[in-house]
Amino acid sequence: MRQMAEIVRNQKPLMLRPEATVKHASALMRDRRVGAVLVTDANHHLLGIFTGRDAVRVLAEGRDAAHTALADVMTPDPQTMAPGKTAIEALRLMQDGGFRHIPVVEGGKVVGIVSKGDFRGNEQDRLDEETGIWERI
Numbered sequence: 011m012r013q014m015a016e017i018v019r020n021q022k023p024l025m026l027r028p029e030a031t032v033k034h035a036s037a038l039m040r041d042r043r044v045g046a047v048l049v050t051d052a053n054h055h056l057l058g059i060f061t062g063r064d065a066v067r068v069l070a071e072g073r074d075a076a077h078t079a080l081a082d083v084m085t086p087d088p089q090t091m092a093p094g095k096t097a098i099e100a101l102r103l104m105q106d107g108g109f110r111h112i113p114v115v116e117g118g119k120v121v122g123i124v125s126k127g128d129f130r131g132n133e134q135d136r137l138d139e140e141t142g143i144w145e146r147i
């Protein structure tokens, strides 16, 4: 079973400061083809997460993306995982929490991020099997 450390090795997650704008974050997300930005302080301590879902909410509320700071619309203090956790633990957390991204944090600092799309094959099959067992009980 893969661990988070293996998945995030050599990863350069998209991190921005809280004062960055939604427009800037969205452009970088598009350019890097990622679904989330980790909002951090200058020392890479996680403050929040901004996802595509948050961007849609900003637009739906009629906010000006060019003048809306990530700090105003991010999810503060998101759930995180340590690099020593397994892929199946990450999938369970995402399924139970109803979200698609989990920051990976070690020693209080961001080391990566995983998303549902990072998991395929055996890991997803195992989660589907577990879910099926619980649904039959």
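Here the sequence shown is numbered in my numbering, starting from 11 and rising by one per residue.
Ideal placement from N, C-alpha and C gives every residue a C-beta, glycine not left out.
Give a yes or no on whether the C-beta atoms belonging to Met39 and Ala65 are separated by under 9 Å. yes
Is Gly122 buried or exposed, if buried means 16 or more other CB atoms sit within 10 Å of its CB? So Gly122 counts as buried.
Can you give me the C-alpha to C-alpha distance between Ala100 and Ile112, rounded to a whole angstrom? 7 Å
Beta carbon of Ala30 nearer than 9 Å to that of Val47: yes
Residues bridged to Lys119 [DSSP beta-bridge criterion]: His55 and Glu116
Does the beta-carbon distance from Met91 to Leu103 come in below 9 Å? Remark: C-beta atoms of Met91 and Leu103 approach each other more closely than 9 Å.
If distances are taken between C-alpha atoms only, which option among Gly45, Met84 and Gln21 comes closest to Leu57? Of the listed residues, the one whose Cα sits closest to Leu57 is Met84.
In angstroms, rounded to a whole number, what distance separates the CA positions of Arg42 and Pro23? 10 Å
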